[in-house]
Amino acid sequence: MERRQVVLYLAAIALGALVGWLAVPVAPALAGAITPVLGLLLFATFLGVPLVDVGRSFRDLRFLGAVLAVNFLVAPVVAFGLSRFVAGDRALLLGVLLVLLTPCVDYVIVFTGLAGGARDKLLAATPLLMLLQIVLLPLYLLLFAGSDTTGLIEVTPFLEAFLLLIVLPLAAAGLVQGLARRASGGRNTRGPRSGRVAVAITAAMQALMVPLMMVTLAVVVGSQIAAVGARAAALLAVLPIYVVFPVVMVGLGVLAARLTRQEAPAGRALVFSGATRNSLVVLPLALALPPALALAPLAVVTQTLVELIGMVILVRLVPRLVPHAAPAAHVALCDGDP
């Protein structure tokens with residue numbers, strides 16, 4: 003399944019779109035499943051990251067500085083420029099800004115790992131990315147959309163998403179990893195059974211990574227495709243924006259990785275972080291907006307649909323754009339060589 007993951011992910015997206023389009027009444031149930039399914043996917047992802055190494059990754063100031071600069075200095079400039087194309091429609095403008103100004107903190111870690119990127123470094127940066135987007139989003143909206151817009155945004159959905167999608171899966175993964183380490187080291191003070199269960203859970207979750215990603219993609223697409231399709235004409239204006247944004251950010255991310263001399267795994271993580279947005283977390287923010295701005299959440303969802311397809315492509319593309327450095331050739335000079 004891992005060798006065929008790109009094809010499987012595209013098939014999952016197509017299946018979700020088909021089910022969501024033909025069976026519209028199932029959309030609310032699928033929407034309610036997004037958070038638990040995504041939380042389970044992130045639990046499996048965190049289990050695959052040695053959490054004892056995250057502390058060391060947090061001390062990588064060069065990577066942290068680069069990922070913060072790309073997301074909070076470079077990306078806002080790109081988002082502002084692209085948002086000018088829908089500046090005349092307040093709902094579309096707000097939806098575009100909400101999603102493009104917030105870096106992803108959840109499934110970007112999954113895609114980064116699939117592309118051979120440094121998941122541990124990105125995981126270490128997650129609290130800073132989440133905190134800074136909460137603090138800076140109102141400021142950016144004030145600058146880019148006007149003072150009357152900032153009063154419409156509530157911070158509570160941000161905090162709820164952070165707890166459910168980051169803190170809870172991370173704490174559960176840490177507990178399971180700790181029990182598994184005790185079992186493997188023969189120091190399991192809570193009994194051998196808990197250690198064996200932890201090892202079994204870890205193995206099962208790693209085996210289920212591809213199916214879990216497929217389910218997540220199908221659920222997200224299936225829950226939203228009908229609503230987006232019903233307003234397709236009004237949402238056409240944002241499609242080019244959502245296509246151009248990752249293209250530009252991938253190029254800038256590769257450039258940033260080279261300028262800051264990141265190793266290949268860290269460089270790939272930097273590229274994915276800059277190109278992937280926080281659509282599933284900001285969607286509750288958009289849904290909390292007044293009815294007059296009902297198009298804003300659909301603009302956010304449209305970005306999700308475009309991005310999921312783009313991420314599947316980037317899983318194959320980014321390793322080619324940020325390859326591992328070739329080992330330096332070793333030349334031995336013999337006596338008499340010039």
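To convert, take the position in the sequence shown, counting from 1, and add 2; that gives this note's numbering.
C-beta atoms are modelled at their ideal positions from N, C-alpha and C, and glycine is treated no differently.
From a predicted model like this one, the values you see are computed outputs, not experimental measurements.
**OP:** Look at the alpha carbon of alanine 31 and the alpha carbon of serine 225, and state the distance between them as a whole number of angstroms.
**Re:** 8 Å
Original post:
If we ignore side chains and look at the alpha-carbon of each, how far apart do leucine 310 and valine 98 end up?
Top reply: 16 Å
Original post:
Which two residues bound the contiguous alpha helix (DSSP H) that contains glutamine 135?
Top reply: 121-147
Original post:
Which ranges would you report for the alpha helix (DSSP H) in the segment 193-274 if only whole runs of at least 4 residues count?
Top reply: 194-209, 211-232, 234-237 and 241-261
Original post:
Quick one: what does DSSP say proline 52 is sitting in, helix, strand or coil?
Top reply: coil
Subject >> When Gly231, Val303, Arg64 and Met216 are compared against leucine 96, the one with the closest alpha-carbon >> reply: Val303
Original post:
Cβ of proline 159 within 8 Å of Cβ of proline 286?
Top reply: yes
Original post:
According to the neighbour-count rule (16 or more other Cβ atoms, all chains shown, within 10 Å of its Cβ), is proline 105 buried or exposed?
Top reply: buried
Original post:
Could you give the distance in angstroms between the alpha-carbon of isoleucine 36 and the alpha-carbon of isoleucine 203?
Top reply: 22 Å
Subject >> Supposed close pair leucine 274, phenylalanine 113 - CB separation, criterion 8 Å >> reply: In the sequence on display, residue 274 carries phenylalanine and not leucine. With a Cβ gap of about 6 Å, phenylalanine 274 and phenylalanine 113 count as contacting.
Original post:
In this structure, does DSSP put proline 292 in helix, strand or coil?
Top reply: coil
Original post:
Where leucine 134 and glycine 231 are concerned, what is the direct C-alpha to C-alpha distance, given to the nearest angstrom?
Top reply: 33 Å
Subject >> Limits of the unbroken alpha helix (DSSP H) element including alanine 71 >> reply: 63-71
**OP:** Express the C-alpha separation of proline 293 and arginine 322 in angstroms, rounding to a whole number.
**Re:** 45 Å
Original post:
Buried or exposed: which applies to serine 149, given that a residue is buried once 16 or more other Cβ atoms fall within 10 Å of its Cβ?
Top reply: exposed
Original post:
Which two residues bound the contiguous alpha helix (DSSP H) that contains glycine 118?
Top reply: Premise fails: glycine 118 is in no alpha helix (DSSP H) and is neither H nor E.
Subject >> Beta-carbon contacts of methionine 211 that lie in its chain and below 6 Å, excluding the five residues immediately before and after >> reply: Ala46
**OP:** Determine the extent of the alpha helix (DSSP H) in which phenylalanine 82 is found, giving its start and end residues.
**Re:** 77-85
Subject >> Beta-carbon spacing of isoleucine 168, methionine 207 below 8 Å >> reply: no
Subject >> Proximity below 8 Å, CB of phenylalanine 74 to CB of alanine 268 >> reply: no
Original post:
Are the CB atoms of alanine 117 and arginine 270 nearer to each other than 8 Å?
Top reply: yes
Original post:
When the Cα atoms are used, what is the spatial distance from glycine 22 to alanine 29?
Top reply: 6 Å
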